Structure formats: structure tokens, C-alpha cells
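Numbering (mature numbering (1 follows the signal peptide of the UniProt record, and there is no 0)), first residue to last: -26 to -1, 1 to 184.
Next comes the structure, spelled out in C-alpha cells:
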């Protein structure tokens, strides 16, 4: 016991003698940008504070694209109540609708907050344009027409096939921004998409309808 107390006392003494020096000599923190972008250097004193770090192009593209991506998923789910024959499909459609609607609201709120603060830090606040065809998993106009025309078991099969592909596309988008974005809130939203939609993919594939 005496040995433990002695070691603790020495540690406290050393900490008291060197605390100021270690704070003054602390290395800056590098915040990486997306590939091709310049990394940002911030002081350790700014960690955990409200210091502004601008979202990078990957963050902006993810949010702008995922809003559009989610809107199509919601449109697909709104067809289910009158067309689906499988109660599990109806339930999954309702769950997707009730999850992605609020997620759209959260992303649009993030866009508004970015636009409101970006000008103060030398950024335009403009969101990037969205190329629908380039986003993974998006149903084509022909596929949406097929879904709208289907009824009963045929609707169930088409819905599951298209929604599984749609969800897998969302996972690819979320994984990309997690690897190359810098905004903490965007990372949180992307992680939620991965957790929720991975579970929904498993449920839909378990129906054997796709």
C-alpha cells in the first residue's frame, strides 16, 4: 500500500511541475478534408468548443443528395397502403415513411443553419446541385411507373426489390461521407441512416419477395 501511495504522490508532483509546459507545447490538431482538399489545423484549446469548422464539399453533397433520395423513398412508401397485399410490407413501408420524413426535416434544418452561418465565415452557403441519375439506388422513371401500376402481390415484389436497391444506395452514400466528411452532425445523421436502413434491408430480404 505504501508503494502505491508513493507512486501516486510522485505522479501528482510531476504533473504539477510540468502542467504549464505541456499545455504550452501541445501540438496543433489536424482536421482532414476530403481527398484533394486542404486539411485544417486548429489549436487543442479549440477542441470541444463551439469553434466553427466549415463542412466540406462531401458533407454538403451528402445532405443535398440524401434529401432528394429520402423524398423518393417516401413517395414509394405512400403507394403501399392502397396497393400492398402483404401486411409486413405495409408495416415496413409505414416505418420507412415515419423514419425518413423526420430525417428529411433534420437535414433541411441543417441546410438552413449552414446557410445562415456560412456567410460569417467567408462561405457562400449555397448547396450543390443534385444529379438524380448519379445517386446510387434511385429508381428510374420507368421503375416508378412499374411500381405505381402494380397491385397486390406484384406490388409487394416490386416494392421490396426497388426499396432494397434504394436502401443499399443510401448506405453507399452514408459510408462515403463518413470516410471523407468533417461535419459532426452530418456524421451522426449518416450513422443513423446506416443503422436504420441496414435493419430494414435485412427485414425486406427476409420476406423472400425481392
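Ideal placement from N, C-alpha and C gives every residue a C-beta, glycine not left out. Bear in mind the structure is a predicted one, so any value in this text is a computation, not a measurement.
Cα atoms of residue 151 and residue 160: separation of roughly 8 Å, rounded to the nearest angstrom. The DSSP-derived three-state label of residue 115 is helix. By the C-beta criterion, the segment 173 to 180 is judged not to be in contact with the segment 45 to 57, since fewer than 3 inter-stretch pairs fall below 8 Å. Secondary structure at residue 58: strand, using DSSP grouped into helix, strand and coil. If you compare the alpha carbons of 146, 142 and 40 with that of residue 85, the shortest gap goes to 40. Residue 158: member of the alpha helix (DSSP H) spanning 158 to 179, first to last residue. Residue 171 counts as buried, since at least 16 other C-beta atoms from the protein chains shown sit within 10 angstroms of its C-beta. For residue 44, the enclosing alpha helix (DSSP H) starts and ends at 31 to 51. The way I'd put it, the segment 72 to 85 doesn't touch the segment 112 to 126; fewer than three beta-carbon pairs between them come closer than 8 Å.
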